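Numbering (the numbering used here), first residue to last: 106 to 281.
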Ligand SMILES: Cc1cc2nc3c(=O)[nH]c(=O)nc-3n(C[C@H](O)[C@H](O)[C@H](O)COP(=O)(O)O)c2cc1C
């Protein structure tokens with residue numbers, strides 16, 4: 106079975122989580138982890154499971170304006186944030202706009218600030234909605250992985266992401 110993890114990331118945190126999810130899925134899948142800017146629709150062609158995630162910006166999925174704001178923040182002299190190589194490429198919203206319909210199983214995740222979701226919002230809710238709109242069968246609740254206000258992953262979030270993905274892999278494998 107084949108799984109594809111598609112991620113958007115400005116500062117690398119969602120990238121780290123995506124890599125950990127990829128590692129967790131390897132128990133049951135041959136896995137590709139692909140930045141959204143490089144995720145041509147063909148990458149999904151024979152996927153049995155697609156996992157999609159991005160950073161929460163302004164309570165939801167990023168926009169071109171919020172990605173530009175994130176880049177400007179990283180470029181300030183006092184910032185120690187480093188932009189991902191693909192940060193200014195297309196975001197998940199644009200990517201979904203170019204996708205057809207897919208029958209694969211799917212799940213969504215996001216990164217967001219460490220505070221109640223009612224305060225922060227969750228990009229994974231919007232991702233889940235778009236997955237369903239494109240015909241995917243969503244097989245897990247959207248999951249968030251948390252960052253500090255300095256935009257660093259909380260300790261142990263990559264471990265938690267790997268465990269979440271291993272459970273997802275086992276559930277999908279058992280349902281076949
Ligand atoms: C422009 C902008 C808006 C943001 N808005 C939110 C928000 O509404 N809620 C939240 O939890 N985090 C917000 N954040 C923090 C991001 O969720 C955080 O930067 C992201 O999870 C880090 O992931 P990345 O390193 O993959 O970009 C915002 C960040 C930026 C740059």
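Ideal Cβ positions, reconstructed from N, Cα and C, are used throughout, including at glycine. All figures in this text were calculated on a predicted structure; none of them were measured in a lab.
Pairwise C-alpha distance: residue j and residue i
i	j	result
residue 240	residue 182	44 Å
residue 121	residue 268	14 Å
residue 206	residue 226	27 Å
residue 159	residue 124	13 Å
residue 173	residue 193	7 Å
residue 256	residue 245	26 Å
residue 204	residue 175	26 Å
residue 216	residue 249	5 Å
residue 130	residue 169	30 Å
residue 275	residue 180	42 Å
residue 237	residue 126	21 Å
residue 264	residue 191	25 Å
Contact test: residue i Cβ vs ligand 3 heavy atom, cutoff 7 Å
i	result
residue 139	Looking for ligand 3 in the displayed structure turns up nothing; the ligands present are ligand 1.
Run of the alpha helix (DSSP H) containing residue i, from where it starts to where it stops
i	result
residue 215	Premise fails: residue 215 lies in the beta strand (DSSP E), 210-218, not in any alpha helix (DSSP H).
residue 280	Element bounds for residue 280: n/a, residue is neither H nor E.
residue 199	197-202
residue 222	222-225
TODO: Counting only runs of 3+ residues fully inside the stretch 236-269, write out the beta strand (DSSP E) ranges in chain order.
DONE: Counting only runs of 3 or more, we get 248-252.
- [ ] List in chain order: all unbroken alpha helix (DSSP H) runs of 4+ residues lying wholly within the stretch 108-169.
- [x] 118-130
Open item on the list: I'd like to know if the stretch 141-148 and the stretch 189-199 are in contact, where contact means that at least 3 CB-CB pairs between them fall below 8 Å.
Closed with: Output reads yes: the stretch 189-199 touches the stretch 141-148.
Task: the stretch 221-235 contacting the stretch 157-173, beta-carbon criterion three pairs below 8 Å - done: yes
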